[in-house]
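Novice:
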Amino acid sequence: GAIYTPVYTRQKNNEDPFPLHYDMFIPKILFMIYNDVPRGKGGTSTFLSTKELQKILLKTKSFPSKNRKLFTNMLLKTERHNDQYDVFWDLIHNKDNEWYEELHDRIESKQQFVKFNTGEGFMVHDRLWLHGRTKIRTQIGIKRLIRLVFDTQKTTEN
36 GAIYTPVYTR QKNNEDPFPL HYDMFIPKIL FMIYNDVPRG KGGTSTFLST
86 KELQKILLKT KSFPSKNRKL FTNMLLKTER HNDQYDVFWD LIHNKDNEWY
136 EELHDRIESK QQFVKFNTGE GFMVHDRLWL HGRTKIRTQI GIKRLIRLVF
186 DTQKTTEN
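Read in order, the letters of the sequence shown correspond to residues 36 to 193 in the working numbering.
1. Which residue wins for smallest C-alpha separation from aspartate 186, given the options Ile64, Thr173, Asp51?
2. Buried or exposed for serine 80, please, with buried defined as at least 16 other CB atoms from any protein chain shown within 10 angstroms of its CB.
3. Helix, strand or coil: how does DSSP classify isoleucine 68 here?
4. Going by beta carbon distance, what residues of the same chain come within less than 6 angstroms of tyrosine 57, once the five residues before and after it are set aside?
5. Could you give the first and the last residue of the continuous alpha helix (DSSP H) run that contains arginine 168?
6. Using CA atoms only, rank isn't needed, just tell me which of Gly77, Phe66, Glu87 is closest to proline 52.
7. According to DSSP, glutamine 147 sits in a beta bridge with which residue or residues?
8. Are phenylalanine 66 and valine 149 touching if we call contact CB-CB under 8 angstroms?
Put into structure tokens, the structure is as follows:
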């Protein structure tokens, strides 16, 4: 079965980009369909495989090895009441981290961009692909997309 999970943003300004992330739901399959797509170039979806991110983390000399291990463990095991989403966010997107600039330069050079139209979307394994979106110039509505999460026998075994 699938679960509808409404999207609420933590962003103070809806026009800001939503950097690459993974949702860390217990179900690992994420299915997104766009309902209300902003016009123009903004709001383009961004993607980066976690395999590519792991390579980037190895090349980012200022990123501590203990944090690489923590990241890998987060991908392998999601605990019901401790998904570590905030830990991941802080490791990758906290501008106060000494590795932030180097890491983001590498991420930006490797991420992929896809502009979806109304009725289009994507399905990804949440532990294998990070996703986000570029900056937009219009207000984002709460009904901008439909997000379903679900597991299969295969994903619950891994």
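Glycine included, every Cβ here is placed at the ideal spot set by N, Cα and C.
Specialist: Concretely, from the data shown:
1. Within the sequence shown, the letter at position 151 stands for residue 186. The residue with the shortest Cα to Cα distance from aspartate 186 is Ile64.
2. The sequence position of residue 80 within the sequence shown is 45, counting from 1. Buried, by the Cβ-count rule.
3. To locate residue 68, count along the sequence shown from 1; it is residue 33. In this structure, isoleucine 68 counts as strand in the three-state DSSP scheme.
4. For the purposes of this step, residue 57 is identified with residue 22 of the sequence shown, where counting begins at 1. For tyrosine 57, where only same-chain residues beyond five positions count, the Cβ hits under 6 angstroms are Asp161, Leu165.
5. Here residue 168 is taken as the residue at index 133 of the sequence shown, counted from 1. Arginine 168 -> not in any alpha helix (DSSP H); beta strand (DSSP E) instead, spanning 164-168.
6. Start at 1 with the first residue of the sequence shown, and residue 52 comes out as number 17. Residue Gly77 is the option with its Cα nearest to proline 52.
7. Sequence index remark: in the sequence shown, residue 147 carries index 112 (1-based). Looking at the DSSP assignment, glutamine 147 forms a beta bridge with Phe82.
8. Within the sequence shown, numbered from 1, the residue matching residue 66 stands at position 31. Within the sequence shown, numbered from 1, the residue matching residue 149 stands at position 114. Their beta carbons are not under 8 angstroms apart, which means phenylalanine 66 does not touch valine 149 by this criterion.
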